[in-house]
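One structure is given below, encoded as structure tokens.
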Amino acid sequence: MTDEQRKSVALEYLKGFDNGGVTSDGSPLLDLFADDAQVHFPKWGLATGKDAIGRMFGDVGATIRSIEHHYATFNWVFSGGDTLVVEGTSHGEHRDGPWRAGVPEWGAGRWCDVFEIRDWKIQRVFIYLDPDYASGDTARYPWLKG
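Remember, my numbering sits 705 above the position in the sequence shown when you count from 1.
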């Protein structure tokens with residue numbers, strides 16, 4: 706696969722989240738994954754295999770009412786192999802309240818995903834973000850008080 710082909714799979718994955726877990730052709734998001742794929746999400750852990758990934762997406766997705774990724778500002782990093790990285794921003798509505806990257810500047814909405822994509826399937830994606838979407842966890846951080 707080329708870098709652009711891997712990028713197209715990663716974009717389909719991200720757009721699937723914006724579309725409630727459905728890809729552009731109407732397929733479930735899990736169809737983009739290899740059977741033994743791995744996904745890591747902060748505060749959830751590591752899911753291995755489509756069943757566990759489905760549970761993870763169900764658990765996390767149950768807390769998010771809507772999400773929109775800001776595709777025009779993505780930063781793509783290609784390794785020349787199966788691994789690619791995308792850094793970006795988003796906004797949306799979490800069950801605890803809304804979020805938007807940069808509002809506040811220290812809050813949720815900035816993220817980075819590391820993908821391994823081979824044979825048109827996601828083999829691995831590790832998601833790096835602050836899962837405190839509504840920015841309510843401030844008491845434990847002295848620099849956020851006041």
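Every residue gets a Cβ at the ideal spot worked out from N, C-alpha and C, and that includes glycine.
Residue from the options with nearest C-alpha to residue i
i	options	result
Ala742	Gly759, Asp730, Trp749 and Met706	Gly759
Trp781	Arg800, Pro809, His796 and Asp818	Asp818
Trp804	Ala767, Leu751, Ser840 and His774	Ser840
Tyr846	Arg829, Lys826, Val830 and Trp811	Trp811
Pro747	Glu798, Arg770, Tyr838 and Ala844	Tyr838
Asp736	Leu751, Gly750 and Asp756	Asp756
Phe831	Gly766, Leu751, Thr728 and Thr794	Leu751
Ala806	Thr794, His799, Arg800 and Glu798	Thr794
Leu834	Asp730, Gly763 and His745	His745
Beta strand (DSSP E) segment containing residue i, residue limits
i	result
Ala752	Gly750 to Thr753
Arg770	Ile769 to His774
Val744	Phe738 to Phe746
Where the alpha helix (DSSP H) containing residue i begins and where it ends
i	result
Leu716	Asp708 to Asp723
Which of helix, strand or coil DSSP assigns to residue i
i	result
Pro656	With the chain represented from 706 up to 851, any question about residue 656 goes unanswered, as that position is not in the structure.
Phe762	helix
- Residue ranges of each beta strand (DSSP E) within the stretch 784-828, 3 or longer: Runs of the beta strand (DSSP E) inside the stretch 784-828: 788-799, 802-805 and 815-823.
- Can we say the stretch 805-824 touches the stretch 782-793, given the rule of at least three CB pairs closer than 8 angstroms? These segments touch.
- How about the stretch 708-725 and the stretch 769-783: do they share at least three Cβ pairs that are nearer than 8 angstroms? Contact between the stretch 708-725 and the stretch 769-783 is established, with three or more Cβ pairs separated by less than 8 angstroms.
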